[in-house]
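Undergrad: Numbering (this note's numbering), first residue to last: 97 to 689.
By construction, the Cβ of each residue, glycine as well, lies at the ideal position given by its N, Cα and C atoms.
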Amino acid sequence: MARSEIAAVGVFLVGTCTLAAPTPALQRDQQRSSGSPVSCSTLALRADRVHTKGGFGMATCGEAAVRLLEQYDVDTIFGIPGVHTLEYYRGLADSPIRHVTPRHEQGAGYMALGYTRVTGKPGVCCLITGAGLTNASTAIATAHHDSLPMLILSSGTATEDAEQGHGSLHDLPDQPAFMKTICALSIDVRDPADLADAFAQAFEVFDSQRPRPVHISVPIDVLSLPAAGDQRLPNRGTAPTVDSVLLEQAADALAAATRPMILIGGGTAHAQTEVIAIAEQLGAPVAMTIAAKGVVPDAHPLSLGTTATISPIFEEFEQADVVLVVGTEFSETDYFYSPTLAPPAFGGTVIRIDIDQAQLSKRRPATLGLHGDAATTLTVLHAALGRRGVQGAGDVRAAALRAANAWWPGHEEFKPFLSALAAALPDNGVLAVDSTQPVYVAAHLWRGTRPNAYLPYGGFGTLGPAMPMAIGAKLGAPDRPVVALAGDGGFLFTIQELATAVDLGLPIAIVIWQNHGYGEIKDSMERVDMTPVGVSTSAHDYLKIAEGFGCHAVRAESLDALGDLVAAAFAADRPTLIEVVADRVAPSALPVR
């Protein structure tokens with residue numbers, strides 16, 4: 097993937113927290129590296145190292161990993177220290193990289209994702225291995241599902257104990273295999289000389305392939321060994337070059353189109369200029385998936401927003417003579433409310449652009465598949481269309497489609513609440529959302545002003561990411577106002593991160609949709625004539641809980657008051673929890689189609 101398209105890299109430093117006496121294998125490794133055995137206390141407390149540019153002097157592998165992160169322009173780490181990660185923290189002690197301490201590894205992962213989405217820069221988490229990896233695995237799996245780059249740097253058990261079933265603390269049987277299920281790569285570094293190459297492999301994925309997590313594991317004994325002397329960065333990777341013959345064929349098809357349509361996904365989040373340029377050139381209306389919300393702002397005359405699932409726009413895609421599809425896998429969660437509960441069955445020529453070549457033949461196979469990153473491929477396609485003198489005009493057609501939107505029954509129940517919240521958030525604001533009933537409407541109804549201003553909970557469909565994503569977003573974009581929107585059930589998954597937000601003095605607004613439990617699941621049970629089971633939570637006093645963490649806490653007694661409360665939260669010196677009681681503002685639930 098081209099660097100211009102990469103949202104960012106969330107990096108996890110993950111370690112263990114036991115420090116055993118050196119094993120015979122460890123003693124041998126240390127003798128080979130330094131000429132004499134190194135004691136356990138020396139492993140934990142080594143302080144005599146010199147960092148030189150392009151090399152690491154007496155730095156340990158843990159310290160060298162931090163220096164490599166610096167060279168890759170990583171500037172923030174979200175982490176919880178552990179005894180087995182001490183060598184990373186030795187490096188962090190005098191590093192310009194900022195460290196943020198979350199209260200749980202899952203929260204750390206979602207902070208990294210929020211930071212990743214808004215900055216286009218790396219974020220870092222420092223967690224313990226084994227239990228730390230499993231705790232963070234939900235956030236890592238979200239990054240994998242949503243094609244977000246993340247570097248998970250962990251320690252492993254000592255080389256002598258690896259995969260031996262010795263019962264070592266935090267030992268995760270076949271840790272690399274576990275991580276391979278949710279990562280593009282899982283690299284086990286057993287030799288200090290291989291450390292820099294492992295980082296190079298990770299960033300090669302981020303630079304030139306579909307962005308997904310990469311795991312680098314370094315055994316605890318290797319972390320304390322001296323690093324290799326020279327670990328300069330290699331040349332960065334580049335995205336694949338699109339096939340010129342296929343590109344010309346695609347240009348011919350688009351030039352001849354009389355009713356073109358464009359559908360874009362999260363792969364275009366950093367290709368806004370290129371998407372708008374080709375849409376204007378073709379005069380083609382553009383619909384976006386949830387991950388692409390705001391790439392073509394709602395105010396643009398060719399923007400259809402995130403409405404590809406709604407009639408008659410859905411039917412227009414099926415009837416278009418040529419459809420240009422860029423950077424989307426047609427995820428199930430984008431089409432829950434379509435007339436067929438599936439992506440459109442395109443009737444015309446389908447031109448797909450994707451960094452992942454395998455996607456070109458999946459779900460809705462391409463007639464013409466262009467393997468490449470969105471920004472670069474759209475640029476060369478735009479030039480090819482320019483040589484053909486293409487200049488369309490689709491403003492009228494787009495306006496007609498927008499005016500004819502037939503929203504599904506039920507969305508009106510949440511519109512007043514969402515409108516009040518939107519009015520309180522400036523155009524440069526960020527909304528991080530959880531899986532909760534108003535969000536199912538907001539996914540399509542919430543305005544799109546710019547890319548990565550609406551941070552979805554993701555296709556993995558987890559509960560709890562909203563608040564930690566908001567924390568990461570605020571750290572990555574401190575000048576932008578940030579709101580987290582979560583249901584009371586989902587909020588409890590990561591409620592402890594209120595402490596992190598208070599520690600940092602972040603003026604974020606945390607809006608809780610209080611429907612006394614798992615409201616959508618309760619409604620779903622009732623719709624199929626079930627007696628609801630396990631869906632009600634006790635009547636927690638969220639205001640007292642938030643105040644106990646040191647937050648401001650208020651209840652919005654009406655939607656008219658919500659705007660003032662959110663504005664006050666942005667001006668505060670700490671986070672503010674705002675409770676909205678659902679049955680006071682939206683008595684009916686959203687029907688599921």
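What did DSSP end up calling Gln127 once you bin it into helix, strand or coil?
TA: Within the sequence shown, numbered from 1, the residue matching residue 127 stands at position 31. The predicted model places Gln127 with a pLDDT of 36, which falls under 50 and marks its position as unreliable, so this point remains unresolved.
Undergrad: Just mark Met207 as buried or exposed, buried being the case when its beta carbon has 16 or more other beta carbons within 10 Å.
TA: Position 111 of the sequence shown, counted from the first residue, corresponds to residue 207. The residue in question, Met207, is buried, as its Cβ has 16 or more Cβ neighbours within 10 Å.
Undergrad: In chain order, what are the residue ranges of uninterrupted beta strand (DSSP E) at least 3 long that sit wholly in the region 336–367?
TA: Annotation: the region 336–367 contains the following complete segments of the beta strand (DSSP E) (minimum length 3 residues), in chain order: 357–360.
Undergrad: What separation, rounded to the nearest whole angstrom, lies between the Cα atoms of His423 and Thr364?
TA: Taking the first residue of the sequence shown as position 1, residue 423 is located at position 327. Taking the first residue of the sequence shown as position 1, residue 364 is located at position 268. For clarity, residue 423 is Gly in the given sequence; the question names His instead. Near 6 Å, if we compare the C-alpha coordinates of Thr364 and Gly423.
Undergrad: What is the DSSP secondary structure of Glu675, counted as helix, strand or coil?
TA: Counted from its first residue, the sequence shown places residue 675 at position 579. In the structure shown, Glu675 sits in a strand (DSSP, three-state: E or B).
Undergrad: Have a look at Gln487 and Val421 and give me their C-alpha separation to the nearest angstrom.
TA: Your numbering for residue 487 matches position 391 in the sequence shown. Your numbering for residue 421 matches position 325 in the sequence shown. Rounded to whole angstroms, Gln487 to Val421 spans 19 Å at the Cα level.
Undergrad: When you compare each of Phe513, Val529 and Asp452 to Asp656 by their alpha carbons, which one comes out closest?
TA: Counting from 1 along the sequence shown, the entry for residue 656 is found at position 560. The candidate whose alpha carbon is nearest that of Asp656 is Phe513.
Undergrad: Using 8 Å as the cut-off, can you tell me whether the region 533–542 makes contact with the region 208–217, which would need three or more C-beta pairs spanning the two stretches below that distance?
TA: No contact exists between the region 533–542 and the region 208–217.
Undergrad: Can you give the Cα-Cα distance for Leu321 and Gly158, rounded to whole angstroms?
TA: Locating residue 321 in the sequence shown gives position 225, counting from the first residue. Locating residue 158 in the sequence shown gives position 62, counting from the first residue. When rounded, the distance between both Cα atoms is 8 Å.
Undergrad: Looking at the secondary structure, which residues open and close the beta strand (DSSP E) in which Gly465 lies?
TA: Against the sequence shown, residue 465 aligns to sequence position 369. Here the beta strand (DSSP E) through Gly465 covers Leu464 to His467.
Undergrad: Bridge partners of Arg651, per DSSP?
TA: Taking the first residue of the sequence shown as position 1, residue 651 is located at position 555. Arg651 is bridged to Glu675.
Undergrad: Counting only the same chain and skipping the five closest in sequence on each side, list residues whose C-beta sits under 6 Å from that of Gly613.
TA: Walking along the sequence shown from the start, residue 613 turns up at place 517. Excluding residues up to 5 positions away in sequence, Gly585, Val631, Ser632 and Thr633 lie with their Cβ nearer than 6 Å to the Cβ of Gly613 in the same chain.
Undergrad: Distance check for Asp450 and Asp469, CA to CA, integer angstroms please.
TA: Within the sequence shown, the letter at position 373 stands for residue 469. Within the sequence shown, the letter at position 354 stands for residue 450. Answer to the nearest angstrom: the Cα atoms are 6 Å apart.
Undergrad: Considering only DSSP beta bridges, list what Trp609 is partnered with.
TA: As a working note, residue 609 is residue 513 in the sequence shown. Answer by DSSP bridge pairing, in chain order: Gly583 and Val676.
Undergrad: For Cys279, name the three-state secondary structure that DSSP assigns.
TA: Sequence index remark: in the sequence shown, residue 279 carries index 183 (1-based). DSSP places Cys279 in coil when its eight states are reduced to three.
Undergrad: Closest by CA to Ala441, which one among Thr472, His200, Met621 and Val418?
TA: Sequence index remark: in the sequence shown, residue 441 carries index 345 (1-based). Nearest of Thr472, His200, Met621 and Val418 to Ala441, Cα basis: Val418.
Undergrad: Taking the CB atoms as reference points, tell me whether Leu658 and Val650 lie closer together than 7 Å.
TA: Along the sequence shown, one-based indexing puts residue 658 at 562. Along the sequence shown, one-based indexing puts residue 650 at 554. No, the pair does not count as a contact, with Cβ atoms beyond the cut-off.
Undergrad: Leaving out the 5 sequence neighbours to the left and right, which residues in its chain are closer than 7 Å to Thr473 when beta-carbon positions are compared?
TA: Numbered from 1 along the sequence shown, position 377 holds the residue referred to as residue 473. So the list reads Val338, Ile449 and Leu466, once near-sequence residues are dropped.
Undergrad: CB-CB under 7 Å to Leu359, same chain, minus the five flanking residues each way: which ones, in chain order?
TA: Residue numbering aside, residue 359 sits at position 263 when the sequence shown is read from its first letter. Answer for Leu359: Ala383, Ala404, Phe413, Val419, Val421 and Thr424, listed in chain order.
Undergrad: Quick check: what's the CA-CA separation for Thr197 versus Cys221?
TA: For the purposes of this step, residue 197 is taken as residue 101 along the sequence shown, with counting starting at 1. For the purposes of this step, residue 221 is taken as residue 125 along the sequence shown, with counting starting at 1. The alpha-carbon atoms of Thr197 and Cys221 are separated by roughly 9 Å.
Undergrad: State the DSSP-derived secondary structure class of Ile316, mapped to helix, strand or coil.
TA: Sequence index remark: in the sequence shown, residue 316 carries index 220 (1-based). If DSSP states are grouped into helix, strand and coil, Ile316 belongs with the helices.
Undergrad: Are there 16 or more other CB atoms within 10 angstroms of the CB of Phe302, so buried, or fewer, so exposed?
TA: The sequence position of residue 302 within the sequence shown is 206, counting from 1. By the 10 Å Cβ count, Phe302 comes out buried.
Undergrad: So which of Ile176, Ile224 and Phe589 has the shortest CA-CA distance to Thr558?
TA: Counting from 1 along the sequence shown, the entry for residue 558 is found at position 462. Measuring from the Cα of Thr558, the nearest candidate turns out to be Phe589.
Undergrad: Might you give, ordered along the chain, the residues of its own chain that have their beta carbon closer than 8 Å to the beta carbon of Pro397, omitting 5 neighbours on each side?
TA: Locating residue 397 in the sequence shown gives position 301, where the first residue counts as 1. Asp491, Ala494 and Ala495.
Undergrad: Please look up how many angstroms separate the CB atoms of Thr370 and Thr475, rounded, as I've assumed it's under 8 Å.
TA: Position 274 of the sequence shown, counting from 1, holds the residue named residue 370. Position 379 of the sequence shown, counting from 1, holds the residue named residue 475. The identity of residue 370 in the sequence shown is Glu, whereas the question assumes Thr. About 6 Å separates the two Cβ atoms, so the contact holds.
Undergrad: If the criterion is Cβ atoms closer than 7 Å, does the pair Ala387 and Gly361 meet it?
TA: Indexing the sequence shown from 1 puts residue 387 at position 291. Indexing the sequence shown from 1 puts residue 361 at position 265. In this structure, Gly361 lies closer than 7 Å to Ala387 by Cβ.
Undergrad: Restricting to Cα atoms, I'd like to know which of Thr277, Ala280 and Ala323 is closest to Leu292.
TA: If you number the sequence shown from 1, residue 292 lands on position 196. The question names Leu, but residue 292 is Ala in the sequence shown. The residue with the shortest Cα to Cα distance from Ala292 is Ala323.
Undergrad: Three-state secondary structure (DSSP) at His240?
TA: Looking up residue 240 in the sequence shown gives position 144. In this structure, His240 counts as helix in the three-state DSSP scheme.
Undergrad: Quick check: what's the CA-CA separation for Leu696 versus Ser340?
TA: Outside the shown range of the chain, which is 97 to 689, sits residue 696, and nothing can be said about it.
Undergrad: Which stretch, first to last residue, makes up the alpha helix (DSSP H) that contains Arg493?
TA: Within the sequence shown, residue 493 is the residue found at index 397, counting from 1. Start and end: Asp491 to Ala499.
Undergrad: Output needed for Pro439: all residues of its chain with C-beta closer than 6 Å, excluding positions within five of it in sequence on either side, in chain order.
TA: Position 343 of the sequence shown, counted from the start, is the residue given in the question as residue 439. For Pro439, where only same-chain residues beyond five positions count, the Cβ hits under 6 Å are Phe426, Tyr431 and Arg460.
Undergrad: Between the Cα of Glu428 and the Cα atoms of Arg484, His241 and Asp599, which residue gives the shortest distance?
TA: Within the sequence shown, the letter at position 332 stands for residue 428. Residue His241 is the option with its Cα nearest to Glu428.
Undergrad: Taking a contact to mean a Cβ-Cβ separation below 7 Å, would you say Val392 touches Ile374 in this structure?
TA: As a working note, residue 392 is residue 296 in the sequence shown. As a working note, residue 374 is residue 278 in the sequence shown. Their beta carbons are not under 7 Å apart, which means Val392 does not touch Ile374 by this criterion.
Undergrad: In this structure, what does DSSP give as the bridge partners for Ile447?
TA: By 1-based counting over the sequence shown, the position of residue 447 is 351. Its beta-bridge partners are Leu420 and Leu464.
Undergrad: Whole angstroms is fine: what's the gap from Leu497's alpha carbon to Thr596's?
TA: Here residue 497 is taken as the residue at index 401 of the sequence shown, counted from 1. Here residue 596 is taken as the residue at index 500 of the sequence shown, counted from 1. Those two C-alpha atoms are separated by around 45 Å.
Undergrad: Is it right to say Val42 is buried, meaning 16 or more other beta carbons lie within 10 angstroms of its own, or is it exposed?
TA: No answer is possible for residue 42: the residues shown for the chain start at 97 and end at 689.
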